[in-house]
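A.B. asks: Pasting in a structure now, in structure tokens, and then I'll have a few things to ask.
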Amino acid sequence: MTLNKILIGVAAILFVGLMCVFTVSETEKAIKFKLGEIVRNDYEPGIHFKWPIINNVKKFDSRIQTMDTSPERFLTAEKKNVIVDSFVKWRIGDVKAFYTVVGGDINQANLRLDQIIKDAFRSEFGRRDITQLVATDRKAIRQILIDRTTQIAADLGLEILDVQVKRIDLPPDVSSSVFRRMEAERERVAREFRSQGSEAAERIRSDADRQRVVILAEAFREAEKLRGEGDAISADTYAKAFSRDAEFYSFYRSINAYKETFSDPDRLMVIDPESEFFKYFKSQK
Numbered sequence: 001m002t003l004n005k006i007l008i009g010v011a012a013i014l015f016v017g018l019m020c021v022f023t024v025s026e027t028e029k030a031i032k033f034k035l036g037e038i039v040r041n042d043y044e045p046g047i048h049f050k051w052p053i054i055n056n057v058k059k060f061d062s063r064i065q066t067m068d069t070s071p072e073r074f075l076t077a078e079k080k081n082v083i084v085d086s087f088v089k090w091r092i093g094d095v096k097a098f099y100t101v102v103g104g105d106i107n108q109a110n111l112r113l114d115q116i117i118k119d120a121f122r123s124e125f126g127r128r129d130i131t132q133l134v135a136t137d138r139k140a141i142r143q144i145l146i147d148r149t150t151q152i153a154a155d156l157g158l159e160i161l162d163v164q165v166k167r168i169d170l171p172p173d174v175s176s177s178v179f180r181r182m183e184a185e186r187e188r189v190a191r192e193f194r195s196q197g198s199e200a201a202e203r204i205r206s207d208a209d210r211q212r213v214v215i216l217a218e219a220f221r222e223a224e225k226l227r228g229e230g231d232a233i234s235a236d237t238y239a240k241a242f243s244r245d246a247e248f249y250s251f252y253r254s255i256n257a258y259k260e261t262f263s264d265p266d267r268l269m270v271i272d273p274e275s276e277f278f279k280y281f282k283s284q285k
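Per UniProt numbering, residue 1 is the first one in the sequence shown, and the count goes up by one each step.
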């Protein structure tokens with residue numbers, strides 16, 4: 001009987017001791033209550049103590065949560081609908097506020113956060129047109145959305161880590177309108193480039209024609225100069241040769257003339273046989 005009492009006492013002590021101890025892991029945040037009132041919520045990972053019955057502890061997952069929202073329609077500044085698909089990364093920041101505002105329910109937190117994110121999207125997209133939304137850097141939109149939602153989410157005890165736009169789609173009717181506008185814009189740019197190209201081509205062609213005229217004129221001038229110099233040298237050479245032996249020079253010129261004249265057998269000449277042209281055909285006495 002004594003041994004049984006000892007064992008029962010030890011078991012009771014162990015049970016009470018276990019009732020006084022609780023652990024908090026690295027992936028958890030804990031709140032300790034005293035008769036339903038929050039008395040502490042800043043526990044570090046490890047072993048902690050509480051009073052049985054008087055104190056109770058609630059633990060919450062402190063890991064990063066992902067809220068993948070369903071695609072939602074938003075109006076742009078030009079009153080066009082866009083379909084936005086996004087997701088949000090968050091975790092518990094202030095566990096006391098998380099428990100007080102949303103009852104420590106992750107699903108309830110997602111519902112509240114979803115409305116906050118949609119309001120931020122609606123406000124941001126309402127200030128931009130479709131072209132700006134397509135051209136704007138996603139990082140810039142991400143940072144704006146984080147800045148707009150951080151404080152509101154903090155009131156729920158949530159810490160916003162990331163807001164990402166997965167895709168922005170256009171309804172079929174808007175897509176056709178946007179594509180036609182983009183096509184018209186591209187055609188305008190193409191026409192402008194073609195006009196600039198034609199202008200540049202005409203300018204280059206005119207410059208080439210001008211250079212051609214200048215080069216031909218300079219070449220003709222140089223050719224005429226060389227021809228004149230050649231004619232001068234030729235005349236000088238003939239003059240010197242003629243002055244040395246006028247008779248031989250006359251005979252040589254006549255021989256060349258005969259050669260040129262009688263080279264064509266079909267050529268017909270009507271000329272006086274006594275003319276000066278035939279003087280070397282006569283016998284010389």
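No residue lacks a Cβ here, since even glycine has one placed at the ideal position from N, Cα and C.
From a predicted model like this one, the values you see are computed outputs, not experimental measurements.
From 59, 91 and 46, pick the residue whose C-alpha is nearest to that of residue 67; which is it?
C.D. replies: Residue numbering aside, residue 67 sits at position 67 when the sequence shown is read from its first letter. Ranking 59, 91 and 46 by Cα distance to residue 67 puts 91 first.
A.B. asks: Do residue 82 and residue 130 come within 8 Å of each other at the CB atom, strictly closer than that value?
C.D. replies: Against the sequence shown, residue 130 aligns to sequence position 130. Against the sequence shown, residue 82 aligns to sequence position 82. Closer than 8 Å, so yes.
A.B. asks: Grab me the residues of residue 150's own chain with a C-beta within less than 7 Å of its C-beta, minus the 5 sequence neighbours each way, in chain order.
C.D. replies: The sequence position of residue 150 within the sequence shown is 150, counting from 1. Around residue 150: 160.
A.B. asks: Residue 59 and residue 37 - do their beta-carbons sit closer together than 8 Å?
C.D. replies: For the purposes of this step, residue 37 is taken as the residue at position 37 of the sequence shown. For the purposes of this step, residue 59 is taken as the residue at position 59 of the sequence shown. For residue 37 and residue 59, no; Cβs fall outside 8 Å.
A.B. asks: What three-state label does DSSP hand residue 254 in the structure shown?
C.D. replies: For this step, residue 254 is matched to residue 254 along the sequence shown. Helix, per DSSP.
A.B. asks: Once DSSP output is grouped into helix, strand and coil, what is the label at residue 234?
C.D. replies: Here residue 234 refers to the residue found at position 234 of the sequence shown. The answer is helix: DSSP assigns residue 234 an H, G or I state.
A.B. asks: Just to confirm, are residue 89 and residue 106 a CB contact at a threshold of 8 Å?
C.D. replies: On the sequence shown, position 89 is the one that residue 89 refers to. On the sequence shown, position 106 is the one that residue 106 refers to. For residue 89 and residue 106, no; Cβs fall outside 8 Å.
A.B. asks: Count the CB pairs spanning the segment 19–26 and the segment 42–59 that are closer than 8 Å, and state whether there are at least three.
C.D. replies: Yes: at least three Cβ pairs fall under 8 Å.
A.B. asks: To the nearest angstrom, report how far apart residue 109 and residue 156 are at their CA atoms.
C.D. replies: Numbered from its first residue, the sequence shown carries residue 109 at position 109. Numbered from its first residue, the sequence shown carries residue 156 at position 156. If you take the alpha carbons of residue 109 and residue 156, they lie about 8 Å apart.
A.B. asks: With a threshold of 7 Å on Cβ separation, who are the neighbours of residue 207 within its own chain once the five nearest residues in sequence on each side are excluded?
C.D. replies: Residue 207 sits at position 207 when you count from the first residue of the sequence shown. Here the set comprises nothing.
A.B. asks: Return the chain-ordered ranges of every beta strand (DSSP E) run that is complete within the segment 110–192 and spans a minimum of 3 residues.
C.D. replies: Listed in chain order, the complete beta strand (DSSP E) runs (minimum 3 residues) inside the segment 110–192 are 158–169.
A.B. asks: Please report how far the alpha carbon of residue 112 lies from the alpha carbon of residue 95, in whole angstroms.
C.D. replies: Translated into positions along the sequence shown, residue 112 becomes position 112. Translated into positions along the sequence shown, residue 95 becomes position 95. If I take the Cα positions, the gap works out to 16 Å.
A.B. asks: Pick helix, strand or coil for residue 28, following the three-state DSSP scheme.
C.D. replies: Sequence index remark: in the sequence shown, residue 28 carries index 28 (1-based). It is a strand residue.
A.B. asks: If you count every other CB in all the chains shown that lies within 10 Å of the CB of residue 148, and 16 or more means buried, which is it?
C.D. replies: Numbered from its first residue, the sequence shown carries residue 148 at position 148. Flag for residue 148 reads buried.
A.B. asks: Along the beta strand (DSSP E) that carries residue 84, what are the first and last residues, could you check?
C.D. replies: Within the sequence shown, the letter at position 84 stands for residue 84. Element bounds for residue 84: 81–92.
A.B. asks: As a quick exercise: from 99, 228 and 209, pick the residue whose alpha carbon is nearest that of residue 57.
C.D. replies: Against the sequence shown, residue 57 aligns to sequence position 57. Out of 99, 228 and 209, 99 has the C-alpha closest to the C-alpha of residue 57.
A.B. asks: Pull up the distance between the alpha-carbon of residue 84 and that of residue 182, whole angstroms please.
C.D. replies: Locating residue 84 in the sequence shown gives position 84, where the first residue counts as 1. Locating residue 182 in the sequence shown gives position 182, where the first residue counts as 1. In a straight line, the C-alpha of residue 84 is about 21 Å away from that of residue 182.
A.B. asks: How many angstroms separate the CA atom of residue 119 from the CA atom of residue 132?
C.D. replies: Your numbering for residue 119 matches position 119 in the sequence shown. Your numbering for residue 132 matches position 132 in the sequence shown. Distance between the alpha carbons of residue 119 and residue 132 is about 19 Å.
A.B. asks: Pick out whichever of 194, 33 and 74 has its Cα sitting closest to the Cα of residue 169.
C.D. replies: Within the sequence shown, the letter at position 169 stands for residue 169. When each option's Cα is compared against that of residue 169, the closest is 74.
A.B. asks: So what's residue 95 in DSSP terms, helix, strand or just coil?
C.D. replies: Residue numbering aside, residue 95 sits at position 95 when the sequence shown is read from its first letter. It is helical.
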